[in-house]
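Q: Mind looking over this structure? Questions follow.
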């Protein structure tokens, strides 16, 4: 993929994450999948594991995240509370273990932001 196309995709990823952080106010956002590995292409979707304390039903959480997205890039969000995530990891959820192991924390509310 050309450097310009990769830079354009990276800009779209950054913009999508920024909109989600500003509009949905998650506690943490972890990017996993092809964008985290660096082997993405123009048709890759943005896989995000989002941690947020909420009582909203699971599917409503995903809708709320997608409401923040412009459609410039396909976003596949999974939204869990910290206790839900902890319980799934305790039960040995291989998918989430891999996402956390190979993923990149792109936002953490508890960490100061860098300019």
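Numbering (my numbering), first residue to last: -1 to 113.
Ideal Cβ placement from N, Cα and C applies to all residues, glycine included.
Remember, predicted model here, so these are calculated numbers, not experimental data.
What does the alpha-carbon distance come out to for the pair residue 27 and residue 46?
A: Translated into the one-based positions of the chain shown, residue 27 becomes position 29. Translated into the one-based positions of the chain shown, residue 46 becomes position 48. Rounded to the nearest angstrom, the two C-alpha atoms are 7 Å apart.
Q: DSSP three-state label for residue 26, please.
A: Within the chain shown, numbered from 1, the residue matching residue 26 stands at position 28. Three-state DSSP puts residue 26 in a strand.
Q: Among 68, 23, 65, 90, which residue has its Cα nearest to the Cα of residue 52?
A: Walking along the chain shown from the start, residue 52 turns up at place 54. Nearest option by C-alpha distance: 23.
Q: Can you name the residues that DSSP bridges to residue 114?
A: In the structure as shown, the chain starts at -1 and stops at 113, and residue 114 therefore has no counterpart that could be examined.
Q: Suppose the cutoff is 8 Å on Cβ atoms and the five residues either side in sequence are ignored; what does the same chain contact list for residue 60 look like?
A: The residue you call residue 60 lines up with position 62 of the chain shown. Contacts found: 75, 76, 77.
Q: Could you give the distance in angstroms between the alpha-carbon of residue 12 and the alpha-carbon of residue 71?
A: Here residue 12 is taken as the residue at index 14 of the chain shown, counted from 1. Here residue 71 is taken as the residue at index 73 of the chain shown, counted from 1. Using only the alpha carbons, I get a separation of about 10 Å.
Q: Return yes when the Cβ of residue 48 is within less than 8 Å of the Cβ of residue 83, no when it is not.
A: For the purposes of this step, residue 83 is taken as the residue at position 85 of the chain shown. For the purposes of this step, residue 48 is taken as the residue at position 50 of the chain shown. It is not a contact, given that the beta carbons lie outside the stated cut-off.
Q: Considering only residues of the same chain and omitting the five flanking positions on each side of residue 113, which have a CB-CB separation below 7 Å?
A: As a first step, residue 113 must be located in the chain shown, where it is residue number 115. Interpretation of residue 113 is limited by its pLDDT of 42, a score under 50 that renders its predicted location unreliable; the figure taken from the coordinates is listed afterwards. There are no such residues.
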